[in-house]
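Colleague:
Numbering (this note's numbering), first residue to last: 18 to 349.
Listed below in structure tokens is the structure:
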């Protein structure tokens, strides 16, 4: 075998072995930890690889925490990493709380991070309070005037209640409810416009931050505008509704009257039909009387003469009446 080929093969094999060794065992990371004064054994780094833990995700935050004077170990950081937490963010939050003299143990910081909250942002909010601006809240005073209020709520994160505490949405909802209650209890909208700080005092007195992850420091009324006259609008709507109800009842009574009139007309026609029917029975009755001998022929003719004489007298009287009226007109 060619000695040059053998030497080249051994060189390549050694290079591959060294590359695999450096990939599996982070010697550079171990040297960095050793230079920073952090006691991390080489076998501990190998164990991290076997436990599928990225060594840099543990060693770099450990070095940072050690330089900041934190009492944390690799086991604590590994446990939090394996639980799905953000190790670097937790260490940064511990450093920030240490500098701000805020008591925050590692276990609580890890719990806050695993709960889905940004523990570093919470620590920063504890140092620098946050201002939450509520949307426009519409409320109506007792005199019926609408007021549109926009408030600014200054809150500070409460580290002890970050786990299980309500968020910003709850604060906004409670503040809005307090504003509506305060304005609704005012006799006039003018009183609210004169002293808007009364709303802030009333809302703060309710303890709205109970059960939340924040502590309310102040509530300031940023803007108070006068809206519609809701009371007058409601009265107008009620009057319009009453008007429509009265019109509907009147229309109902009219329809009933028309129906009653039609019923009476039908009744009159029915009675007329009965009279005609009764009159139609008279000739038949007279014919029956003549046939049975109860009515004589001379009696029948006398009755006809009387009827004719009566009709003649009526015609003469009608003619005389019309003539007298025409004479009166001619005289005039």
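For glycine and all other residues, C-beta sits at the position ideal for the given N, C-alpha and C.
Please identify the residue among 206, 213, 155 whose C-alpha is closest to the C-alpha of residue 197.
Modeller: Taking the chain shown and counting its residues from 1, the one referred to as residue 197 is at position 180. Among 206, 213, 155, the Cα nearest to that of residue 197 belongs to 155.
Colleague: Just reading off the alpha helix (DSSP H) that residue 73 is part of, what are its end residues?
Modeller: Here residue 73 refers to the residue found at position 56 when the chain shown is read from its first residue. Counting along the chain, the alpha helix (DSSP H) containing residue 73 begins and ends at 72–84.
Colleague: Classify residue 225: buried if its beta carbon has 16 or more other beta carbons within 10 angstroms, exposed otherwise.
Modeller: Sequence index remark: in the chain shown, residue 225 carries index 208 (1-based). Label assigned to residue 225: buried.
Colleague: Would residue 205 pass as a contact of residue 160 if the rule is Cβ separation under 8 Å?
Modeller: Here residue 205 refers to the residue found at position 188 when the chain shown is read from its first residue. Here residue 160 refers to the residue found at position 143 when the chain shown is read from its first residue. For residue 205 and residue 160, yes; Cβs fall inside 8 Å.
Colleague: Report yes if the C-beta distance between residue 47 and residue 67 is below 8 Å; otherwise report no.
Modeller: Within the chain shown, numbered from 1, the residue matching residue 47 stands at position 30. Within the chain shown, numbered from 1, the residue matching residue 67 stands at position 50. Going by C-beta atoms, residue 47 is not nearer than 8 Å to residue 67.
Colleague: Of all the alpha helix (DSSP H) runs that stay within the bounds of the region 76–137, which reach a length of 4 or more residues?
Modeller: 91–99, 104–116, 123–131
Colleague: Let me confirm a value: residue 118 is counted as buried when at least 16 other C-beta atoms fall within 10 Å, else exposed. Which label applies?
Modeller: Here residue 118 is taken as the residue at index 101 of the chain shown, counted from 1. Exposed.
Colleague: Are residue 127 and residue 144 closer than 8 Å when you measure CB to CB?
Modeller: Indexing the chain shown from 1 puts residue 127 at position 110. Indexing the chain shown from 1 puts residue 144 at position 127. Not in contact: residue 127 and residue 144 (Cβ atoms no closer than 8 Å).
Colleague: Just tell me which of 191, 170, 215, 194 has its CA closest to the CA of residue 236.
Modeller: Position 219 of the chain shown, counted from the start, is the residue given in the question as residue 236. With distances taken between Cα atoms, residue 236 lies closest to 170.
Colleague: CB-CB under 7 Å to residue 180, same chain, minus the five flanking residues each way: which ones, in chain order?
Modeller: For the purposes of this step, residue 180 is taken as the residue at position 163 of the chain shown. Hits under 7 Å: 128, 129, 132.
Colleague: Can you look up residue 160 in the DSSP assignment and give me helix, strand or coil?
Modeller: Taking the first residue of the chain shown as 1, we reach residue 160 at position 143. Residue state, collapsed to three classes: coil.
Colleague: Consider the Cβ of residue 134: report whether some Cβ of chain D lies at a distance smaller than 8 Å.
Modeller: Going by chain labels, chain D is absent from the structure shown, which holds only one protein chain.
Colleague: Given a cut-off of 8 Å on the beta-carbon distance, is the pair residue 111 and residue 70 in contact?
Modeller: Residue 111 sits at position 94 when you count from the first residue of the chain shown. Residue 70 sits at position 53 when you count from the first residue of the chain shown. No.
Colleague: I need the boundaries of the beta strand (DSSP E) containing residue 237, first residue and last residue.
Modeller: In the chain shown, residue 237 corresponds to position 220, counting from 1. First-last of the beta strand (DSSP E) with residue 237: 231–246.
Colleague: According to DSSP, is residue 150 part of a helix, a strand, or is it coil?
Modeller: Within the chain shown, numbered from 1, the residue matching residue 150 stands at position 133. In this structure, residue 150 counts as strand in the three-state DSSP scheme.
Colleague: Just grab the DSSP bridge partners of residue 165 for me.
Modeller: In the chain shown, counting from the first residue as 1, residue 165 sits at position 148. Partner(s): 155, 242.
Colleague: Round the Cβ separation of residue 163 and residue 247 to the nearest angstrom and send it over; I've been treating them as touching at under 8 Å.
Modeller: What you label residue 163 is simply residue 146 of the chain shown in a count that begins at 1. What you label residue 247 is simply residue 230 of the chain shown in a count that begins at 1. That pair is a contact at about 5 Å.
Colleague: What residue does the alpha helix (DSSP H) around residue 190 start on, and which one ends it?
Modeller: Taking the chain shown and counting its residues from 1, the one referred to as residue 190 is at position 173. Start and end: 185–201.
Colleague: Could you compute how far the alpha carbon of residue 233 sits from the alpha carbon of residue 255?
Modeller: In the chain shown, residue 233 corresponds to position 216, counting from 1. In the chain shown, residue 255 corresponds to position 238, counting from 1. Roughly 42 Å separates the two Cα atoms.
Colleague: Nearest-angstrom Cα distance between residue 175 and residue 142?
Modeller: Counting from one through the chain shown, the residue named residue 175 turns up at place 158. Counting from one through the chain shown, the residue named residue 142 turns up at place 125. Residue 175 and residue 142 have their C-alpha atoms roughly 9 Å apart.
Colleague: Per DSSP, what kind of secondary structure is residue 170 in: helix, strand or coil?
Modeller: On the chain shown, residue 170 is found 153 positions in, with the first residue counted as 1. Assigned with DSSP and collapsed to three states, residue 170 falls in strand.
Colleague: Which two residues bound the contiguous alpha helix (DSSP H) that contains residue 208?
Modeller: In the chain shown, residue 208 corresponds to position 191, counting from 1. From DSSP, the alpha helix (DSSP H) with residue 208 extends over 206–211.
Colleague: Should residue 82 go down as buried or exposed, given a rule of 16 or more other Cβ atoms within 10 Å for buried?
Modeller: Mapped onto the chain shown, residue 82 falls at position 65. Classification for residue 82: buried.
Colleague: Taking 7 Å as the limit between beta carbons, can you name the residues of its chain near residue 134, skipping five residues before and five after?
Modeller: Residue numbering aside, residue 134 sits at position 117 when the chain shown is read from its first letter. Correct list, in chain order: 179.
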